[in-house]
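Numbered as in the numbering used here, the sequence shown ends at 784 without a single skipped number.
Structure first, then comments.
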Amino acid sequence: MRLHLTPPQRKNIQQTIKITGSKSETNRSLLLQALFPNIKIQNLSNSDDGEVMQKGLKISQGEVDIHHAGTAMRFLTAYFASQSGKKVVLTGSERMQERPIKVLVEALRLLGADIQYAKNEGYPPLNITGKKLMESKVSLPANISSQYISALLLTAPSLENGLELELEGKITSVPYIKMTLGLLEQIGVQTHFEGNHIKVEPRKSVADTTLVVESDWSSASYFYSIVAMCEVGTNIQLSSYKQNSLQGDSVLSKLYKDFGVQTQFGENTITLSKISNDLPSKVEYNLANAPDIAQTIAVTCLGLGMGCHMTGLHTLPIKETDRLAALQTELSKFGAKVAIDSESLTLEPVTYLNAGVAIDTYNDHRMAMAFGPLALKTALVVNDAGVVSKSYPDFWNDLKTLGFGIQEM
376 MRLHLTPPQR KNIQQTIKIT GSKSETNRSL LLQALFPNIK IQNLSNSDDG
426 EVMQKGLKIS QGEVDIHHAG TAMRFLTAYF ASQSGKKVVL TGSERMQERP
476 IKVLVEALRL LGADIQYAKN EGYPPLNITG KKLMESKVSL PANISSQYIS
526 ALLLTAPSLE NGLELELEGK ITSVPYIKMT LGLLEQIGVQ THFEGNHIKV
576 EPRKSVADTT LVVESDWSSA SYFYSIVAMC EVGTNIQLSS YKQNSLQGDS
626 VLSKLYKDFG VQTQFGENTI TLSKISNDLP SKVEYNLANA PDIAQTIAVT
676 CLGLGMGCHM TGLHTLPIKE TDRLAALQTE LSKFGAKVAI DSESLTLEPV
726 TYLNAGVAID TYNDHRMAMA FGPLALKTAL VVNDAGVVSK SYPDFWNDLK
776 TLGFGIQEM
């Protein structure tokens, strides 16, 4: 699906949008529900990733294909490895088979797991024979994707002796680790996190519990970008959000003050208001704790003629695509000067945007959604726009609600 996007007729938008539950919280909650079936979940994400996770958890024998869902690959690897009687081949898309999983597999093997590589050493697909894991101590590099760490922590309460996890080096994904531990604590599991040491106590059963999934702050980022590029006086209300969020991307409410956007917290809502056009010429952020908003910030800066220097982006090259390389390519189409290295991106301010640009999305939902708001500044085309279904299927319809012109080509 190719979409042609044009700006809303009014740049002073007043609208309310309800956003589906967080993909990150949904997949964590679903895994906990599989371990403890008396858990109930409300406000599940309607994303492709959430649906893939639900389907995968119901399979005991045979092939489990998670397509592009990286979170599901990591979480299900740990889940199936720790479940006696389950025997699966865990596979995914061509890109998924290029994304490394060796660190997690080695950690699970040290705990006693039976996991074999079906094709290439260190990469999916995986042949997993579930068994009771008796070992309880393992270490991981601290600067890896938090999904490896969370995969182990989520399965930990079901292990015979729980889990003691030592993280070696500087931890770079603390908010996602705390999200996982916060959910464990909500269902009554005892956890301890001090320095680089995490301990999760074993638990045979939990009390009846309802987990309410907060809406996705990563999805909210695109509306922060829209408000930033709109006129002063614009107000967009989003639900359902919490001020004491478990999600690292909630840092948006602080960062977007630099773009003239104020966040007001209500009862399960946030209202984003454009209050100023007095903006800096350049912003600098370390996004090690919130790398998923890097694409959004880069596009916001492009649209506002601002520069940016973002660091802490070392996990982006192993996402759905190499997001740093993809950003450099797509931003450059508008005339921007962009420099990248293995963990940072620098964008120079531009005063003029090339028109009629077609954005390639690289099978990456965030590439499509990050560039969507730029239609406020110039008409553009988004190729393979349906990729947004991975995390936010209603995205283009919600932009139509705000007045964007969206036409399928």
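From the three backbone atoms N, C-alpha and C, an ideal C-beta is built for every residue, glycine too.
Is DSSP giving residue i helix, strand or coil here?
i, result
"L702", "helix"
"Q565", "coil"
"G687", "coil"
"L515", "strand"
"D633", "helix"
"G623", "helix"
"Y316", "The shown model of the chain, from 376 to 784, leaves out residue 316, and the question about it has no answer."
"I388", "coil"
"T696", "coil"
"V725", "coil"
"G791", "Because residue 791 is not part of the residues shown, which for the chain are 376 to 784, the question remains open."
"H740", "helix"
"L380", "strand"
"D440", "strand"
"V762", "helix"
"E469", "coil"
"L538", "strand"
"T547", "coil"
"A531", "helix"
"G682", "strand"
"Q458", "coil"
"T638", "strand"
"I434", "coil"
"K649", "strand"
"T609", "coil"
CA-CA distance, residue i and residue j?
i, j, result
"G467", "E695", "12 angstroms"
"S786", "N664", "This structure cannot speak to residue 786, because the chain is shown only from 376 to 784."
"I611", "Q637", "11 angstroms"
"E723", "G682", "5 angstroms"
"I645", "Q639", "6 angstroms"
"A409", "L749", "41 angstroms"
"Y523", "V602", "34 angstroms"
"L699", "T671", "12 angstroms"
"S625", "W592", "6 angstroms"
"F568", "E543", "14 angstroms"
"V464", "G445", "16 angstroms"
"H689", "E589", "27 angstroms"
"K461", "M448", "16 angstroms"
"V674", "M744", "10 angstroms"
"N652", "S520", "36 angstroms"
"T609", "K649", "5 angstroms"
"L627", "L432", "32 angstroms"
"P666", "L613", "22 angstroms"
"N518", "S717", "14 angstroms"
Could you pull the DSSP bridge partners for residue i from this structure?
i, result
"N413", "DSSP output for N413 lists no bridge partner at all."
"S590", "G396"
"Y492", "L501"
"S614", "K393 and T644"
"K657", "G682"
"L755", "L380 and V732"
"T452", "Looking at the DSSP assignment, T452 forms no beta bridge with any residue, so it has no partner."
"I781", "L380"
"L720", "M685 and I715"
"V575", "L538 and T566"
From the options, pick the residue whose C-alpha is nearest to that of residue i; which is it?
i, options, result
"P550", "S521, E496 and G623", "G623"
"M471", "M744, D739 and K462", "D739"
"E510", "E473, A754 and R484", "R484"
"R377", "L777, T776 and W771", "W771"
"K617", "P382, G396, P383 and T381", "G396"
"D773", "V478, Y597 and H443", "Y597"
"G687", "I715, G678, C676 and Y631", "I715"
"K752", "Q782, G680 and K712", "G680"
"E659", "E642, G641, G678 and F634", "F634"
Looking at the ligand GTP, does it come within less than 7 angstroms of residue i, judged from the CB to the closest heavy atom?
i, result
"F455", "As presented, the structure is devoid of all ligands, the ligand GTP included, so that no description of it is given."
Is residue i close to chain D? Criterion is C-beta to C-beta, closer than 8 angstroms.
i, result
"P577", "Any reference to chain D falls outside this structure, which holds one protein chain only."
The stretch 393 to 403 in contact with the stretch 416 to 436 per 3-pair CB rule at 8 angstroms: yes
If we count Cβ pairs, one from each stretch, closer than 8 angstroms, do we get three or more for the stretch 702 to 718 versus the stretch 726 to 745? yes
If we count Cβ pairs, one from each stretch, closer than 8 angstroms, do we get three or more for the stretch 522 to 534 versus the stretch 495 to 503? no
Does the stretch 555 to 564 come into contact with the stretch 384 to 392, if we say contact requires no fewer than three beta-carbon pairs (one atom in each stretch) closer than 8 angstroms? no
If we count Cβ pairs, one from each stretch, closer than 8 angstroms, do we get three or more for the stretch 485 to 500 versus the stretch 408 to 422? no
For the 8 angstroms Cβ check, are there 3 or more pairs between the stretch 752 to 759 and the stretch 577 to 588? no
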